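Student: The following block contains the structure, expressed as structure tokens.
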Amino acid sequence: MDLKEKLVSSFLAFENDMDVESPVHDIRSEAMKNFELKGFPSKKEEAWKYTSLNSLQKIDFSIFPKEISALEYKNVKKYFIHEIDTYKIVFVDGIYSSYLSETTHDGVDICLMSSALTKPMYKQVIDVYFNKVASKDETLTTLNTAFSKEGAFIYIPKNKMPKKPVEIIHFSTGNEASLMLQPRSLIVAEENSELQVIERHQSLTSNEVFTNSVTEIFAAKSAIIDYYKVQNDAASASLVDNTYISQKDHSHVKVHTFSFGGKLTRNNLNFYQNGEHIDSTMKGVTILGDKQHVDHHTLVHHIEPNCESHQDYKGIYGENSTGVFNGKIIVDKIAQKTNAFQQNNNILVSDKATINTKPQLEIFADDVKCSHGCTIGQLDEDALFYLQSRGIPKKEARALLMYAFANNVLESVKIPELKTRINKLIANKLGVRLGFDL
Amino acid sequence: MLKINNLHARVEDKEILKGINLEINAGEVHAIMGPNGSGKSTLAAVIAGKEEFEVTEGSVELDGENLEDDAPEERAHKGIFLSFQYPVEIPGVSVTNFMKTAINESRKAKGLEDMPANQMLKLIREKAELLEIDRKFLSRSLNEGFSGGEKKRNEIFQMAMLEPKLAILDETDSGLDIDALRIVANGVNKLKSKDNAVLVITHYQRLLDYIVPDFVHVLHNGKIVKSGGKELALELEEKGYDWLKQETVA
Numbered sequence: 001m002d003l004k005e006k007l008v009s010s011f012l013a014f015e016n017d018m019d020v021e022s023p024v025h026d027i028r029s030e031a032m033k034n035f036e037l038k039g040f041p042s043k044k045e046e047a048w049k050y051t052s053l054n055s056l057q058k059i060d061f062s063i064f065p066k067e068i069s070a071l072e073y074k075n076v077k078k079y080f081i082h083e084i085d086t087y088k089i090v091f092v093d094g095i096y097s098s099y100l101s102e103t104t105h106d107g108v109d110i111c112l113m114s115s116a117l118t119k120p121m122y123k124q125v126i127d128v129y130f131n132k133v134a135s136k137d138e139t140l141t142t143l144n145t146a147f148s149k150e151g152a153f154i155y156i157p158k159n160k161m162p163k164k165p166v167e168i169i170h171f172s173t174g175n176e177a178s179l180m181l182q183p184r185s186l187i188v189a190e191e192n193s194e195l196q197v198i199e200r201h202q203s204l205t206s207n208e209v210f211t212n213s214v215t216e217i218f219a220a221k222s223a224i225i226d227y228y229k230v231q232n233d234a235a236s237a238s239l240v241d242n243t244y245i246s247q248k249d250h251s252h253v254k255v256h257t258f259s260f261g262g263k264l265t266r267n268n269l270n271f272y273q274n275g276e277h278i279d280s281t282m283k284g285v286t287i288l289g290d291k292q293h294v295d296h297h298t299l300v301h302h303i304e305p306n307c308e309s310h311q312d313y314k315g316i317y318g319e320n321s322t323g324v325f326n327g328k329i330i331v332d333k334i335a336q337k338t339n340a341f342q343q344n345n346n347i348l349v350s351d352k353a354t355i356n357t358k359p360q361l362e363i364f365a366d367d368v369k370c371s372h373g374c375t376i377g378q379l380d381e382d383a384l385f386y387l388q389s390r391g392i393p394k395k396e397a398r399a400l401l402m403y404a405f406a407n408n409v410l411e412s413v414k415i416p417e418l419k420t421r422i423n424k425l426i427a428n429k430l431g432v433r434l435g436f437d438l
Numbered sequence: 001m002l003k004i005n006n007l008h009a010r011v012e013d014k015e016i017l018k019g020i021n022l023e024i025n026a027g028e029v030h031a032i033m034g035p036n037g038s039g040k041s042t043l044a045a046v047i048a049g050k051e052e053f054e055v056t057e058g059s060v061e062l063d064g065e066n067l068e069d070d071a072p073e074e075r076a077h078k079g080i081f082l083s084f085q086y087p088v089e090i091p092g093v094s095v096t097n098f099m100k101t102a103i104n105e106s107r108k109a110k111g112l113e114d115m116p117a118n119q120m121l122k123l124i125r126e127k128a129e130l131l132e133i134d135r136k137f138l139s140r141s142l143n144e145g146f147s148g149g150e151k152k153r154n155e156i157f158q159m160a161m162l163e164p165k166l167a168i169l170d171e172t173d174s175g176l177d178i179d180a181l182r183i184v185a186n187g188v189n190k191l192k193s194k195d196n197a198v199l200v201i202t203h204y205q206r207l208l209d210y211i212v213p214d215f216v217h218v219l220h221n222g223k224i225v226k227s228g229g230k231e232l233a234l235e236l237e238e239k240g241y242d243w244l245k246q247e248t249v250a
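Keeping their order, the protein sequence lines are chains A and B.
Count the first sequence with UniProt numbering and you get residues 1 to 438, in order.
Count the second sequence with UniProt numbering and you get residues 1 to 250, in order.
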């Protein structure tokens with residue numbers, strides 16, 4: 001039985017445990033029909049030309065993990081930004097871990113999707129927002145929608161700001177030989193509210209994990225959201241991250257994606273600007289080695305006038321790694337005075353590494369500023385010589401140049417401890433000490 | 001200190017240095033002058049060990065030791081410093097952090113521990129003062145957005161930090177206004193001692209009013225065609241390089 005068949009038959013069992021009277025049930029059934037019809041995306045589709053899910057489909061993944069396995073905080077502490085106090089929503093093998101989490105209902109709701117989907121007090125929010133920006137057509141998103149049950153739920157009312165950042169961490173313990181996870185999260189920031197989120201998927205063993213995640217984010221008028229994705233997972237972990245963001249007037253949403261690990265990572269990051277004077281920012285640092293593969297597919301849909309979008313993705317590819325950047329910008333006819341910028345710069349440090357980069361601009365308005373640029377290069381020999389002539393050995397000089405190349409993406413990281421952590425991950429990934437504290 | 005014997009070097013198929021002989025002793029200042037394309041910057045880069053250039057004949061010796069197999073960083077550890085005509089910009093790495101890395105890598109190569117942070121800070125402040133460098137400047141990203149003058153001043157600041165035996169200044173005067181030129185030259189002069197040496201590479205005589213050479217060599221078409229005292233620089237300034245070209249043809 002291949003993975004699709006297994007998922008289709010598992011859905012029946014999944015439904016048995018769910019409240020069939022709930023409107024969410026109809027959404028799930030509808031979504032399942034779409035997945036059943038389309039199945040997994042194949043390389044024949046333009047959007048999946050460079051990323052194959054074939055080998056994953058041959059693995060016999062457990063769809064429902066058996067029982068909760070306990071994790072000791074001290075053993076997983078390093079995966080948290082433990083230098084600062086944070087709210088934590090933690091899942092172990094897809095199941096909420098109250099022991100590792102710190103949720104709140106104090107003025108803001110930072111809790112669980114399973115509560116939001118079942119408790120009457122959240123019904124209104126679910127009715128208004130759940131599955132409203134996520135695609136009803138994209139096959140992996142609908143697969144997640146069909147199985148939507150657990151994940152993070154964050155609701156920030158008007159004018160509120162949580163006291164501290166929120167960490168969302170998904171651990172997998174390897175209790176199952178191979179495990180498929182489908183977290184579903186919903187984040188709503190009402191008018192003039194503010195929120196910072198750090199998301200991480202972490203496999204703790206070398207057992208296969210396949211995560212198909214969907215996150216819906218709504219930023220109301222003048223809301224500010226900073227979202228950080230830390231992707232530094234084990235070599236046997238694969239992730240398809242589908243993030244959908246809907247923004248209203250004057251809101252600012254920034255998503256930083258740090259991709260340093262994992263076997264296969266696909267980021268589908270989609271911004272919809274449903275208002276004016278919106279700012280959408282996407283920043284990415286990708287550093288890969290071995291046979292790692294990361295595919296960034298971004299979309300910004302400028303639907304209304306007077307908005308901006310900024311994309312800055314930097315990639316360093318070594319050994320046999322492969323990267324993809326596909327940045328799509330749509331500017332509707334009505335969306336005059338749009339400013340859309342896109343930049344993708346890459347360094348290949350090995351002859352066997354590859355990057356496929358493609359801007360995709362569909363502009364229907366005439367009074368817009370759109371720019372895009374991509375570069376693929378090696379390290380500058382003159383710069384290397386300069387550093388070496390100051391006594392810095394070639395290996396360290398190379399690392400310093402790569403660090404400098406990736407570093408300016410970090411300037412917009414607002415949490416200093418996270419910035420330091422990412423800096424260290426970059427230095428670590430490049431395999432050297434930089435000779436100074438970051 | 002530095003001994004260059006019949007040095008030939010080429011880049012790809014083009015021979016640029018065609019038999020250079022030069023000896024520099026401790027305590028001396030030498031100037032190499034010459035028209036564009038004569039091989040001045042190539043000579044500087046070859047001494048510093050740039051791999052792009054292939055040495056086909058001859059040798060470069062420092063204190064009697066052939067540098068042939070030494071990488072640029074090893075030459076730096078042995079005391080060679082090159083002030084670049086076009087210093088490279090490194091965003092995200094401050095001048096201070098860059099110097100820490102450079103100093104500690106040199107110490108590591110000599111089997112020494114990292115320099116203690118307070119000592120490093122003191123050294124940086126002292127040398128920054130010498131070059132009239134503002135504190136704020138030290139926390140800026142290396143060479144990023146620096147003016148021409150700031151870049152060159154920063155080069156000499158690095159030289160002051162690393163205290164080389166032999167400093168090669170490649171067109172350090174280009175892009176400098178008169179005030180910056182004075183500060184840079186003043187820095188170099190203060191760093192000069194009986195134990196080190198300076199090789200100034202320049203197109204114009206201007207810098208040599210401030211850093212006075214003991215010897216002046218004229219490089220033309222990959223060879224030193226004339227050597228003399230500091231008065232040779234003035235002669236070149238007056239007559240230009242054309243008379244030399246004719247002389248060598250004849």
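The C-beta atom is built at its ideal place from N, Cα and C for all residues, glycine as well.
Values in this document were obtained by computation on a predicted structure and should not be read as measured data.
Could you please give me the residues that DSSP links to A:R184 through a beta bridge?
Tutor: A:R184 is bridged to A:V214.
Student: Considering only the beta carbon of each residue, do B:L2 and B:A197 sit closer than 8 Å?
Tutor: Against a cut-off of 8 Å, the Cβ pair of B:A197 and B:L2 comes out as a contact.
Student: Taking a contact to mean a Cβ-Cβ separation below 8 Å, would you say A:N268 touches A:T243 in this structure?
Tutor: Yes, the Cβ-Cβ distance between A:N268 and A:T243 is below 8 Å.
Student: Can you check whether the CB of A:C374 is closer than 8 Å to the CB of A:T357?
Tutor: Yes. Within cutoff.
Student: Start and end of the alpha helix (DSSP H) containing A:S371?
Tutor: Unbroken run through A:S371 is the beta strand (DSSP E), K369 to G377; no alpha helix (DSSP H).
Student: Check for me: the beta strand (DSSP E) holding A:F153 runs from which residue to which?
Tutor: Here the beta strand (DSSP E) through A:F153 covers A152 to I156.
Student: Is the distance from the Cβ of A:H372 to the Cβ of A:G327 below 8 Å?
Tutor: Cβ atoms of A:H372 and A:G327: closer than 8 Å.
Student: Quick one: complete alpha helix (DSSP H) runs, 4+ long, within the region 35-71 of chain B?
Tutor: Taking only runs of at least 4 residues, the alpha helix (DSSP H) segments lying wholly in the region 35-71 of chain B are 40-48.
Student: List the DSSP bridge partners of A:T322.
Tutor: Answer is A:H293 and A:T354, bridged to A:T322.
Student: List the residues of chain A that B:E155 touches, going by C-beta distances under 9 Å, in chain order.
Tutor: None at all; the shortest Cβ gap to chain A is about 10 Å.
Student: Please list the residues of the region 400-424 of chain A that have a C-beta atom closer than 9 Å to any C-beta atom in chain B, keeping them in chain order.
Tutor: For the region 400-424 of chain A, which is checked against every Cβ of chain B, the residues closer than 9 Å are L400, L401, Y403, A404, F405, A406, N407, N408, L410 and E411.
Student: Looking at the structure shown, is B:K223 part of a helix, part of a strand, or coil, going by DSSP?
Tutor: Correct three-state label for B:K223: strand.
Student: In the DSSP assignment, what residue or residues form a beta bridge with A:H201?
Tutor: BP columns for A:H201 point to A:H170.
Student: So B:E155 is in the alpha helix (DSSP H); what residue range does that whole segment cover?
Tutor: Looking at the DSSP string, the run of the alpha helix (DSSP H) that includes B:E155 is G148 to L162.
Student: What number of angstroms, rounded off, separates the C-alpha of A:N144 from the C-alpha of A:N16?
Tutor: Cα to Cα, the separation comes out at about 17 Å.
Student: Can you name, in chain order, every residue of its own chain whose Cβ lies under 8 Å from the Cβ of B:L176, other than the five neighbours on each side?
Tutor: Contacts found: G148, G149, K152 and V184.
Student: What does the alpha-carbon distance come out to for the pair A:E411 and A:A399?
Tutor: About 19 Å.
Student: For a contact meaning CB atoms closer than 8 Å, what does A:Q388 contact in chain B?
Tutor: By Cβ distance, chain B contributes G49, A71, P72, E73 and A76.
Student: With distance defined between alpha-carbon atoms, name the residue in B:F137, B:G34 and B:A160 nearest to B:L244.
Tutor: Checked all of B:F137, B:G34 and B:A160; the closest Cα to B:L244 is B:G34.
Student: Which ranges does the beta strand (DSSP E) cover as unbroken runs of at least 3 residues, wholly within the region 215-281 of chain A, from first to last along the chain?
Tutor: As far as the region 215-281 of chain A is concerned, its whole beta strand (DSSP E) runs of at least 3 residues are 224-231, 237-247, 252-259 and 264-273.
Student: What residues in the region 370-383 of chain A bring their beta carbon closer than 8 Å to a beta carbon of chain B?
Tutor: Cβ contacts with chain B: D380, E381, D382 and A383.
Student: What residues from the region 80-93 of chain B come within 9 Å of chain A, judged by C-beta to C-beta, listed N to C?
Tutor: For the region 80-93 of chain B, which is checked against every Cβ of chain A, the residues closer than 9 Å are I80, F81, L82, F84, Y86, P87, V88, E89, I90, P91, G92 and V93.
Student: By how many angstroms is the C-alpha of A:A219 removed from the C-alpha of A:I422?
Tutor: Straight-line Cα distance between these residues: approximately 26 Å.
Student: For a test of the three-state rule: what should DSSP assign to A:E63, helix, strand or coil?
Tutor: The residue asked about is misnamed: residue 63 of chain A is Ile in this sequence, not Glu. The answer is coil: DSSP assigns A:I63 none of H, G, I, E or B.
Student: If you check the beta carbons only, do A:I59 and A:S10 fall under 8 Å apart?
Tutor: Contact: no.
Student: From the beta carbon of B:S139, is the nearest beta carbon of chain A less than 8 Å away?
Tutor: Judged by the 8 Å Cβ criterion, B:S139 is not in contact with chain A.
Student: Quick check on the DSSP output: the alpha helix (DSSP H) that includes B:L2 runs from which residue to which?
Tutor: Here B:L2 belongs to no alpha helix (DSSP H); instead the beta strand (DSSP E) covers L2 to V11.
Student: Could you tell me the alpha carbon to alpha carbon distance between B:V216 and B:H8, rounded to whole angstroms?
Tutor: Looking at the two C-alpha atoms, the distance is approximately 21 Å.
Student: Give the straight-line distance between the Cα atoms of B:L234 and B:E171, rounded to the nearest whole angstrom.
Tutor: Cα to Cα, B:L234 sits roughly 17 Å from B:E171.
Student: How would you list, in chain order, the residues of chain B whose beta-carbon sits under 7 Å from the beta-carbon of A:F385?
Tutor: Chain B residues near A:F385: K50 and P72.
Student: Cutting at 6 Å between CB atoms, please list the residues of its own chain near A:L53, excluding the five before and the five after it.
Tutor: The residues are F40.
Student: For chain A, find out if any of its Cβ atoms is closer than 8 Å to the Cβ of B:Q119; answer yes or no.
Tutor: With 8 Å as the cut-off, B:Q119 does not count as an interface residue toward chain A.
Student: If you draw a straight line from the C-alpha of B:S38 to the C-alpha of B:P213, how long is it?
Tutor: Each residue's alpha carbon lies about 20 Å from the other.
Student: Just list the alpha helix (DSSP H) runs in the region 46-95 of chain A, keeping only unbroken ones of 4 residues or longer that don't cross its boundaries, in chain order.
Tutor: Taking only runs of at least 4 residues, the alpha helix (DSSP H) segments lying wholly in the region 46-95 of chain A are 54-57 and 73-76.
Student: For A:N75, which of A:D137, A:K291 and A:T173 has the nearest alpha-carbon?
Tutor: When each option's Cα is compared against that of A:N75, the closest is A:T173.
Student: Since A:I187 contacts A:E167 with CB under 8 Å, what's their CB separation in whole angstroms?
Tutor: Rounded, the Cβ-Cβ distance is 13 Å, inconsistent with contact.
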